[in-house]
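Below is one structure, written out as structure tokens; the observations come after it.
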Amino acid sequence: MCQVIVTGSFALSCQPPRTCDDYWSEWKHCKGIQNLFHHYYTFGEAPSCAQWKTDYKDCREWEKNKSAHAKESLCKSERARILEKQKHAPVWKLRKDPPADWYLPLHENKPE
């Protein structure tokens with residue numbers, strides 16, 4: 424498979440990074456009414472699902488014809504998707520240990 428490395432580059436291979444059915448499922452999910460309402464509520468606009476459809480078509484072309492253009496397009500899309508995920512920092516700072524007084528009832532034995 425076309426493997427993802429931490430730097431965002433891909434190893435060369437003879438298979439797409441995901442199965443073509445995965446791209447089709449993502450496209451169907453994106454076009455679904457529940458996702459449409461959720462995305463519109465969250466972002467104020469309808470989701471753009473065109474990239475999932477393009478990726479599906481490129482994946483099919485890569486599997487059928489071993490097209491170099493489809494392969495490059497699909498890997499480029501996957502790289503962009505990974506970089507988009509890495510761009511956002513976590514909202515909360517994760518703790519390594521619980522607070523020292525985690526077992527005490529709230530607002531008791533705590534200085535104000």
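Residue 424 is where the sequence shown starts when you use our numbering, and the numbers rise one by one after that.
Idealized CB from N, CA, C, for every residue including glycine.
* Asked: Mind checking Leu529: buried by the 16 CB within 10 Å criterion, or exposed?
  -> By the neighbour-count definition (other C-beta atoms within 10 Å, threshold 16), Leu529 is an exposed residue.
* **Inter-residue CB distance, Cys453 and Arg483 (contact presumed, cutoff 8 Å)** => About 18 Å separates the Cβ atoms of Cys453 and Arg483, ruling out a contact at the 8 Å cut-off.
* To do: Have a look at Trp539 and Glu468 and give me their C-alpha separation to the nearest angstrom.
  => For the chain, the structure presents residues 424 to 535; residue 539 sits outside this window and is missing.
* What residue range is occupied by the uninterrupted alpha helix (DSSP H) comprising Lys417? -> Given a span of 424 to 535 for the chain in the structure shown, any question on residue 417 remains unanswerable.
* Go through its chain and collect everything with a Cβ distance to Ser490's Cβ below 6 Å, but skip five positions before and after it. => Only residues of its own chain outside the window of five on either side were considered, and among them Glu484 have a CB closer than 6 Å to the CB of Ser490, listed in chain order.
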